[in-house]
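Heads up: the protein sequence lines correspond to chains W and A, in order.
Under the working numbering, read the first sequence as residues 19 to 681, first letter to last.
Under the working numbering, read the second sequence as residues 1248 to 1342, first letter to last.
The beta-carbon is built from N, C-alpha and C at its ideal position, and this holds for glycine as well.
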Amino acid sequence: MIKKIIVTSLLVLVAASVGAQTDTTNNKTKTLEEVSIQQRKSEGVSRLGGAVNGNEIGQDELFRAACCNLGESFITNPAVDVNYNDAAVGARQIKLLGLSGQYVQMLLENLPTILGAAMPYSLGYVPGAWMKSISVSKGASSVKNGPQSITGQINVEYLKPEDDPALQLNLYTDSRLKSEVNVMGNLHLNHHLSTEVLAHFEKDFMHMDEDGDGWQDSPAIEQWHVQNRWKYQKGRYIMHAGFGYLHEKREGGQMDDISTNPYVVMTEANRLDGYMKHAFLLNKDHNTNLAFLATGSLYNLDGTFGTKEYSDRQHNLNAQLVLEHDFSDIHNLSTGLSFNADRIKNYGVMTAPISSYHTETSEYTPGVYVQYTFKPSYHLTAMGGLRVDYSSLYDRTYLTPRLHVKWVPADWMSLRASAGKGYRTPYALAENHYLLTSGRNLSVGNLKQEEAWNSGASLSFYFPVNDRTLTLNAEYYYTDFINQAVVDYDSDPTAITISDLNGSSYSHTLQVDANYDLTEELNLLAAFRYNKVMCTYSGKLIEKPLQSRYKGLLTLSWKPMLALWQVDVTLQLNGSGRIPDYIDENGILVTGEEFPAYPQLNLQLTREFRHFSLYVGGENLTNYRQKNPVVNASNPWASTFDPTLVWGPVHGIMAYAGIRWNI
Amino acid sequence: MIMTSLLLMAGGKDLRVLVMTPTPQMHCESCENKIKKNLRFESGVKKIETSIKEQTVTVTYDGTKTDVKKLQAAMKEIGYDTKVVSDKPKEKEKK
């Protein structure tokens, strides 16, 4: 059964009525009129209901920026960073609570998706035009979806087959001559059955080298992606099912005219995926439902990185059987069985001395969970869960406890707290294969399962100010690793080592933000986030490299004339951070280097028409670029060559335009 | 009536407030958004307010550019029959 997805907007209407007062000293009677405070309903971002701390980003928010894919959907989100991992392959990752995206569980419609070798490209595999909403939850999430979420969970909801029938077209192009076409159409075949087709094509028509270092700033991508999704509902039975196919080619490296023997980076990936969900409503009065969910994927990746070759063959299957029941309005129980199977084969040719390698990893993970939710009133929600899983790879049974509490002592404040453990299996080479572009020696050890505790709290206030609600939010999260696959640049500046943690590794994250409608048409969001992320490298506990220490965000959204026009401005200030030691093109060891704080400014103008909307915008309007993102760019065959020390934007100013058309 | 005519002759706006009840009823924010997002394209519409609690759609419009029938037709196009509760000139806001 489809798990009941509860999405509510937290609107707080505070109404104060003041009765008549009599001022006897001057014999005057003053009557104060009823005062009502309203908040403009945000159709963009809303707080997740329940005990888990998070936000749902709706289409209105996604449309504030170009949002070509999932990776570009967090521009206006203060909690999530999106960065390039390298300047050759174009791998991107998100960071939540200061930690890498692999510690965030990625779900597609509440089903696990995209892992292993697909992870460095996963953000580009989810077209922005297909998304209906994104839920971002922080901290260890519900035990229902598995033990993997350590820092949080991102769940993407696509447009639905059961939505109002429509045919939508989205065309996009930008000043770097990247173009995209998205076609989304759905049909209600009868009262019970509906279907949709989602199609995406993108291509970079030019190879760009804005900084003139002889290297493409990012790889030229060509991608095809098609999905067909179905929904059937009759009586107490609901079914969702679908399948999809993706093909992507990336070509990067040195510009063609630089050398007779250019360093070329090429990857070609194919992905076939399918899913099904069957749900049976057994008892309407108690919301008793039984659901079976399954998803599977086949992923092939072949890559060339200079003289190195890398191939990945990945099979994945995940199945769950879930039973949910409301004993009353106060007590809810959810329990389930799960089975996950992953098989990843890597093979290829590594660096000189030339050697071939072939590894194969299979892991079968059966599991069981139980989750109890206690909600005696609107003021208190407590959700506790425990799951037990067994890993065939590590021959280990492990427990995942998680607790979430939400307390609303008054209408104008709420407090959330959470604590829990998370585990994940690191596929170190698959998830970090972009490191093969570096001239450093890459070595990957036999890794143990990653394991961490996460805890945190958030406090929200809703104050009436001038007839509108000012929302203030403060939150703190702490993540402490018991074991972690550590990517170590620091112990040896001529090598990159991926090995088990030997010492401490932790992250503190503190965020404050304020949201207010200055007028009915004008919204302001201001946020500041501080990260302290530390890890032990060769016995020394030091700051994790290539991580900004803080982030400031200011967004302004103006929607005049019944929102027929919309102007969105986003200003980010990304803090300074540490660069790991490296050897420069002159053979000199560079140590103790830091990257500076840098701004990013984006602007978009949208005009809505009855059947279509036009948007134009610019990204990185301050034209800030990381200087020399590729170390020793003129000598890519040297051991000092390294395109993976990326901390900032690799592109300069970019203009774009597009049309969204409902036919 | 005379004032309205004078206003029209002077090229002024004839702001009116129409209150309607829709059928089927609005049952969630999604229904409200659908009404607001579609009705705003009607010529002369200045403001749209919806209330799930009251089951009303209140439209402030320029009577020189549109009228009740056109607004009801616009609602019909998106799947809502409507019943007019009131249609009055917009009162000037007290300062």
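Hey, is Glu1279(A) close to the ligand GDP, as in C-beta under 8 Å from one of its heavy atoms?
-> Annotation note on the ligand GDP: not contained in the displayed structure, which lists no ligands.
Neighbourhood of Leu80(W) by C-beta, 7 Å cutoff - its chain only, sequence neighbours within 5 removed | Residue 80(W) sits at position 62 when you count from the first residue of the first sequence. Here the set comprises Ser91, Gly146 and Met149.
Inter-residue spacing [alpha-carbon to alpha-carbon] between Ile348(W) and Tyr390(W) | For this step, residue 348(W) is matched to residue 330 along the first sequence. For this step, residue 390(W) is matched to residue 372 along the first sequence. Going by the C-alpha atoms only, they are around 10 Å apart.
Should Arg331(W) be flagged as near chain A, meaning a C-beta pair shorter than 9 Å?
-> By 1-based counting over the first sequence, the position of residue 331(W) is 313. Closer than 9 Å: no.
Cβ-Cβ distance between Asn163(W) and Leu211(W) below 9 Å = Numbered from its first residue, the first sequence carries residue 163(W) at position 145. Numbered from its first residue, the first sequence carries residue 211(W) at position 193. Taking the C-beta atoms as reference points, Leu211(W) is found no nearer than 9 Å to Asn163(W).
Ala492(W) versus Ser473(W): straight-line alpha-carbon distance, rounded | For this step, residue 492(W) is matched to residue 474 along the first sequence. For this step, residue 473(W) is matched to residue 455 along the first sequence. Rounded to whole angstroms, Ala492(W) to Ser473(W) spans 15 Å at the Cα level.
Inter-stretch contact (C-beta, 8 Å, three-pair minimum) for the segment 358-365 of chain W and the segment 165-175 of chain W = With contact defined as three or more Cβ pairs closer than 8 Å, the segment 358-365 of chain W and the segment 165-175 of chain W are not in contact.
Within 10 angstroms of its Cβ, does Ala184(W) collect 16 or more other Cβ (buried), or is it exposed?
-> As a working mapping, residue 184(W) is identified with position 166 in the first sequence. Its Cβ having fewer than 16 others within 10 Å, Ala184(W) is exposed.
Hey, Lys302(W) and Arg254(W): beta-carbon distance below 9 Å or not?
-> Along the first sequence, one-based indexing puts residue 302(W) at 284. Along the first sequence, one-based indexing puts residue 254(W) at 236. Yes, the Cβ-Cβ distance between Lys302(W) and Arg254(W) is below 9 Å.
Tyr452(W) and Thr662(W) look like a contact to me (Cβ under 8 Å); what is the Cβ gap, rounded to whole Å?
-> Translated into the one-based positions of the first sequence, residue 452(W) becomes position 434. Translated into the one-based positions of the first sequence, residue 662(W) becomes position 644. Cβ atoms of Tyr452(W) and Thr662(W) come within 8 Å of each other, at about 7 Å.
Quick one, are the C-beta atoms of Ile172(W) and Thr588(W) less than 9 Å apart?
-> As a working note, residue 172(W) is residue 154 in the first sequence. As a working note, residue 588(W) is residue 570 in the first sequence. If you check the CB distance, Ile172(W) and Thr588(W) do not come in under 9 Å.
Name the residue from Phe219(W), Leu187(W), Ile671(W) and Gly232(W) whose alpha carbon lies nearest to the alpha carbon of Pro617(W).
-> Translated into the one-based positions of the first sequence, residue 617(W) becomes position 599. Ranking the options by Cα distance to Pro617(W), first place goes to Ile671(W).
Step through the CB atoms of chain A and report whether any lies within less than 9 Å of the CB of Ala581(W).
-> Stepping through the first sequence from its first residue, residue 581(W) is reached at position 563. It does; some Cβ of chain A falls within 9 Å.
Looking at the C-beta of Phe627(W), does it have a partner C-beta in chain A at a distance below 9 Å?
-> As a working mapping, residue 627(W) is identified with position 609 in the first sequence. Against chain A, the CB of Phe627(W) has a partner CB under 9 Å away; the residue lies at that interface.
Report buried or exposed for Arg268(W), applying the criterion of at least 16 other Cβ atoms within 10 angstroms of its Cβ.
-> Position 250 of the first sequence, counted from the start, is the residue given in the question as residue 268(W). Under this definition Arg268(W) is a buried residue.
CA-CA distance, Glu51(W) and Leu1318(A)?
-> Residue 51(W) sits at position 33 when you count from the first residue of the first sequence. Residue 1318(A) sits at position 71 when you count from the first residue of the second sequence. Confidence at Glu51(W) is low in this model, with a pLDDT of 41, below 50, so the placement of that residue should be treated as unreliable; the coordinate-derived value is given next. Between Glu51(W) and Leu1318(A), the C-alpha separation is close to 33 Å.
Contacts around Ser1298(A), its chain only, beta-carbon distance under 7 Å, and the 5 residues preceding and following it disregarded = Mapped onto the second sequence, residue 1298(A) falls at position 51. No residues qualify anywhere along the chain.
Chain W contact residues for Ile1295(A), given Cβ-Cβ distances below 8 Å | Within the second sequence, residue 1295(A) is the residue found at index 48, counting from 1. The answer, in chain order, is Leu580.
What residue from Gly292(W), Ser432(W), Val107(W) and Thr515(W) has the CA that sits closest to Thr131(W)'s CA?
-> Within the first sequence, residue 131(W) is the residue found at index 113, counting from 1. For Thr131(W), the closest C-alpha among the options Gly292(W), Ser432(W), Val107(W) and Thr515(W) is that of Gly292(W).
Rounded to the nearest angstrom, how far is the Cβ of Gly270(W) from that of Gln245(W), given a contact under 8 Å?
-> In the first sequence, counting from the first residue as 1, residue 270(W) sits at position 252. In the first sequence, counting from the first residue as 1, residue 245(W) sits at position 227. Actually they are not in contact, since the Cβ atoms of Gly270(W) and Gln245(W) sit about 27 Å apart, beyond 8 Å.
Can a CB atom of chain W be found closer than 9 Å to the CB of Arg1287(A)?
-> For the purposes of this step, residue 1287(A) is taken as the residue at position 40 of the second sequence. Between Arg1287(A) and chain W, the shortest Cβ-Cβ separation is below 9 Å.
In chain W, what lies closer than 9 Å to Val1292(A) by C-beta?
-> Start at 1 with the first residue of the second sequence, and residue 1292(A) comes out as number 45. Chain W residues near Val1292(A): Leu580.
Alpha carbon to alpha carbon, how far is Ser517(W) from Ala370(W)? Give it in angstroms, no decimals.
-> On the first sequence, position 352 is the one that residue 370(W) refers to. On the first sequence, position 499 is the one that residue 517(W) refers to. For Ala370(W), the predicted model reports a pLDDT of 49, less than 50, meaning its position is unreliable and no value from the coordinates is stated.
Going by C-alpha distance, which of Leu591(W), Pro578(W), Glu626(W) and Arg442(W) is nearest Ser118(W)?
-> In the first sequence, residue 118(W) corresponds to position 100, counting from 1. If we check each option's Cα against that of Ser118(W), Arg442(W) comes out closest.
Does the Cβ-Cβ distance between Tyr555(W) and Asp508(W) come in under 9 Å?
-> Mapped onto the first sequence, residue 555(W) falls at position 537. Mapped onto the first sequence, residue 508(W) falls at position 490. Yes, the pair counts as a contact, with Cβ atoms nearer than the cut-off.
Please say whether Gly403(W) and Ser346(W) have beta carbons closer to each other than 9 Å?
-> Along the first sequence, one-based indexing puts residue 346(W) at 328. Along the first sequence, one-based indexing puts residue 403(W) at 385. No, they are not a contact pair.
How many Å lie between Ala437(W) and Ala470(W) at the Cα?
-> The sequence position of residue 437(W) within the first sequence is 419, counting from 1. The sequence position of residue 470(W) within the first sequence is 452, counting from 1. Roughly 11 Å separates the two Cα atoms.
Same chain, Cβ closer than 6 Å to Asn541(W), neighbours up to 5 away in sequence not counted | Within the first sequence, residue 541(W) is the residue found at index 523, counting from 1. In its chain, beyond the 5 residues on either side, Asp535 and Ser575 have a beta carbon closer than 6 Å to the beta carbon of Asn541(W).
Using a Cβ-Cβ cut-off of 9 Å, state whether Lys1283(A) counts as contacting chain W.
-> If you number the second sequence from 1, residue 1283(A) lands on position 36. At least one chain W Cβ lies under 9 Å of Lys1283(A).
Taking the DSSP output, what are the residues bridged to Ser380(W)?
-> On the first sequence, position 362 is the one that residue 380(W) refers to. The beta-bridge partner set that DSSP reports for Ser380(W) consists of Arg361(W).
Who are the near neighbours of Arg331(W) in its chain, counting only those whose CB is closer than 6 Å to its CB and skipping five residues on each side?
-> What you label residue 331(W) is simply residue 313 of the first sequence in a count that begins at 1. The beta carbon of Arg331(W) is closer than 6 Å to those of Asn318 and Lys363 in its chain, skipping five residues each way along the sequence.
Measuring CA to CA, which of Ala309(W), Ile112(W), Pro419(W) and Leu264(W) is closest to Ala158(W)?
-> The sequence position of residue 158(W) within the first sequence is 140, counting from 1. Relative to Ala158(W), the option among Ala309(W), Ile112(W), Pro419(W) and Leu264(W) whose CA is nearest is Pro419(W).
Going by DSSP, which residues form a beta bridge with Pro667(W)?
-> Along the first sequence, one-based indexing puts residue 667(W) at 649. Beta-bridge pairing links Pro667(W) to no other residue.
Quick one: give me the first and last residue of the beta strand (DSSP E) that Val1266(A) is part of.
-> Along the second sequence, read from residue 1 onward, the residue named residue 1266(A) stands at position 19. Counting along the chain, the beta strand (DSSP E) containing Val1266(A) begins and ends at Leu1262 to Thr1270.
With 16 other Cβ atoms within 10 Å as the buried cut-off, status of Tyr15(W) = Not covered by the structure: residue 15(W). The range shown for chain W is 19 to 681.
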